[in-house]
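The sequence shown begins at 440 in the working numbering and counts up by one. For glycine and all other residues, C-beta sits at the position ideal for the given N, C-alpha and C. No experiment lies behind these values; they were computed from the predicted model shown.
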Amino acid sequence: MAEWIKRFSLAGKAALVTGATKGIGLEICKVLADAGADIAAVGRDQAGLAEVQKAVEAQGRKCVTIAGDLATTEGPVRAAQQALKSFGTIDILVNNAGIALIDTLLEASIEDWDQTMAVNLRAPFLLARELAPKMIAQRSGKIINISSQAGIVAID
Numbered sequence: 440m441a442e443w444i445k446r447f448s449l450a451g452k453a454a455l456v457t458g459a460t461k462g463i464g465l466e467i468c469k470v471l472a473d474a475g476a477d478i479a480a481v482g483r484d485q486a487g488l489a490e491v492q493k494a495v496e497a498q499g500r501k502c503v504t505i506a507g508d509l510a511t512t513e514g515p516v517r518a519a520q521q522a523l524k525s526f527g528t529i530d531i532l533v534n535n536a537g538i539a540l541i542d543t544l545l546e547a548s549i550e551d552w553d554q555t556m557a558v559n560l561r562a563p564f565l566l567a568r569e570l571a572p573k574m575i576a577q578r579s580g581k582i583i584n585i586s587s588q589a590g591i592v593a594i595d
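Take a look at the structure:
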């Protein structure tokens, strides 16, 4: 365990991470588990979820995998409820899932726009709305929203 992780122990904490099956999301799960947190990993890829679970459990932490579609209204709510049922509380929410279906403004379809907004904006809102009451009641919790350069670079 790295020295900095010892100083920032997450022992006894539980984290829900979206977009957990690859890239930044997978690495976030590994680092949080290394720091002592149990993980609720949310993603669409069953094989990727199995990989996350294996990596987290190899560090001696619990891992619940939640397969779901964050583009639906029900998906984020169900993910939050399942994580709460598994761990009793979620101390850390990492909204990492994101999609980029829009290449240029002139080529963007309404369907692509709606799906992008559903995953990138509505899902984090719904997850936070489900998990924040427990965080507020326990007077502790963190909500981390991962974004991309799309927030500062205009669509052509």
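> Using a Cβ-Cβ cut-off of 6 Å (strictly less than) and excluding sequence neighbours within five positions of D530, which residues of its own chain qualify?
Replying inline: Working through the sequence shown from its first residue, we reach residue 530 at position 91. Non-local C-beta neighbours of D530 in its own chain, meaning closer than 6 Å and more than five positions away in sequence, comprise K452, A453, G580, ordered along the chain.
> Is it buried or exposed for R446, if we count other Cβ within 10 angstroms and need 16 for buried?
Replying inline: On the sequence shown, position 7 is the one that residue 446 refers to. With fewer than 16 Cβ atoms within 10 Å of its Cβ, R446 is classed as exposed.
>> Just to confirm the assignment, what range does the alpha helix (DSSP H) spanning I575 have?
In response: Residue numbering aside, residue 575 sits at position 136 when the sequence shown is read from its first letter. Per DSSP, I575 belongs to the alpha helix (DSSP H) from 562-576.
> So who's on the other strand from C502, going by DSSP bridges?
Replying inline: Along the sequence shown, read from residue 1 onward, the residue named residue 502 stands at position 63. C502 is bridged to I478.
>> Let me confirm a value: F526 is counted as buried when at least 16 other C-beta atoms fall within 10 Å, else exposed. Which label applies?
In response: The residue you call residue 526 lines up with position 87 of the sequence shown. Its Cβ being crowded by 16 or more others within 10 Å, F526 is buried.
> Are the CB atoms of L455 and L532 nearer to each other than 8 Å?
Replying inline: The count along the sequence shown starts at 1 and reaches residue 455 at position 16. The count along the sequence shown starts at 1 and reaches residue 532 at position 93. Yes.
> Who are A486's beta bridge partners in DSSP?
Replying inline: The sequence position of residue 486 within the sequence shown is 47, counting from 1. DSSP output for A486 lists no bridge partner at all.
>> In the DSSP output, what is A454 paired with across the bridge?
In response: As a working note, residue 454 is residue 15 in the sequence shown. Looking at the DSSP assignment, A454 forms a beta bridge with I478, I531.
> With Q521 and I538 assumed to form a contact (beta carbons below 8 Å), what rounded beta-carbon distance in angstroms separates them?
Replying inline: Here the question's residue 521 lines up with position 82 in the sequence shown. Here the question's residue 538 lines up with position 99 in the sequence shown. Going by Cβ atoms, the distance from Q521 to I538 rounds to 22 Å, so no, they are not a contact pair.
>> Per DSSP, what are the beta-bridge partners of K581 in this structure?
In response: In the sequence shown, counting from the first residue as 1, residue 581 sits at position 142. Answer by DSSP bridge pairing, in chain order: I531.
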